Ligand code: PEP
């Protein structure tokens, strides 16, 4: 099955109006293949600013949202609020949310279910730490993170998985194409067995972790890699090369 290549950017807690203007400038100047999808994860405060200025063929994502519609949840934002701004995507379960802010598998699953219910599309991040990889737990950890979500949702059509080994995020240590492909393949098999064959065939699995213009092409050639989630390099003009890496 043909899966649309999807490149996500994750600006994390970076940027101001001046630097965002620069990013928008290089996104507007660069070509984006018509068959590729591009989604950039913008700090909540700037979602509206970017929404007003982004090129038409780029969508924006929030980097988080809460599991409830509204109420006494100081500091949180809801899927309804994102939709009110015209935001269509949200990144959930990023390893920084899991490891710095203590988000559990269950909370991420609840957030995913609520965001989907509200009509958002979700980039769901999963991945193992270095210690987990070195002790042979990579698949077990990824499957556990997937299972928590599979327990709460039935319809996966608006979900993109981002496999992001934690040891590769922001470290300059990219997984080799073989290492990434191995986990993507295992994930697709797990999905076929535990969710369904059609979902396994159609769901897009991005790789994330120190993706650059220099390593993207080789990774993009792997059979089960359907795009990237890019942190640091999404703030730089080389992001356009990554967007074109499957060309
Ligand atoms: C990320 O933030 O999801 C990420 C993969 O970061 P980086 O590309 O900087 O490793």
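Residue numbers (my numbering): 652 to 898. C-beta: ideal position from N, C-alpha, C; glycine also. This one's a predicted model, so the numbers in the text were calculated from it and none came from an experiment.
Spatial neighbours of residue i in its chain, beta-carbon cut-off 6 Å, leaving aside the 5 residues before and after
i, result
"residue 745", "776"
"residue 774", "659, 742, 811, 813"
"residue 794", "841"
"residue 783", "792"
heavy atom of the ligand PEP below 7 Å from residue i C-beta
i, result
"residue 884", "yes"
"residue 880", "yes"
"residue 686", "no"
"residue 887", "no"
"residue 859", "yes"
"residue 750", "no"
"residue 712", "no"
"residue 661", "yes"
"residue 815", "yes"
"residue 632", "Any property of residue 632 remains undetermined from this structure, which presents the chain solely from 652 to 898."
"residue 680", "no"
"residue 862", "yes"
"residue 871", "no"
"residue 744", "no"
"residue 826", "no"
"residue 666", "no"
"residue 778", "no"
"residue 831", "no"
Exposure label - residue i; buried when at least 16 CB within 10 Å
i, result
"residue 670", "exposed"
"residue 796", "buried"
"residue 755", "exposed"
"residue 674", "buried"
"residue 865", "exposed"
"residue 688", "buried"
"residue 692", "buried"
"residue 696", "exposed"
"residue 749", "buried"
Cβ-Cβ distance between residue i and residue j below 8 Å
i, j, result
"residue 851", "residue 893", "no"
"residue 856", "residue 838", "yes"
"residue 630", "residue 759", "In this structure the chain extends from 652 to 898, so residue 630 is not present and cannot be described."
"residue 766", "residue 716", "yes"
"residue 769", "residue 809", "no"
"residue 885", "residue 661", "yes"
"residue 701", "residue 740", "no"
"residue 792", "residue 825", "no"
"residue 859", "residue 829", "no"
"residue 666", "residue 891", "no"
"residue 882", "residue 663", "yes"
"residue 888", "residue 677", "yes"
Residues sharing a beta bridge with residue i, DSSP
i, result
"residue 857", "813"
"residue 688", "657"
"residue 740", "712, 772"
"residue 777", "814"
"residue 880", "659, 859"
Contact set for residue i: own chain, Cβ-Cβ below 7 Å, skip 5 residues either direction
i, result
"residue 684", "895, 898"
"residue 646", "The question about residue 646 has no answer here: the residues shown for the chain are numbered 652 through 898."
"residue 877", "654, 656, 657, 855, 856, 857"
"residue 761", "718, 803"
"residue 724", "717"
"residue 875", "832, 835, 836, 839, 856"
"residue 720", "729, 731"
"residue 789", "779, 783, 834"
"residue 786", "none"
"residue 679", "706"
"residue 822", "861"
Close beta carbons around residue i, own chain, < 8 Å, minus the five adjacent residues each side
i, result
"residue 698", "711, 713, 733, 736, 738"
"residue 801", "845, 846"
"residue 709", "678, 683, 689, 690, 691"
"residue 757", "799"
Residue i Cβ short of 7 Å to the ligand NAD heavy atom set
i, result
"residue 853", "Absence of the ligand NAD from the depicted structure is noted, with the ligand PEP being the only ligands included."
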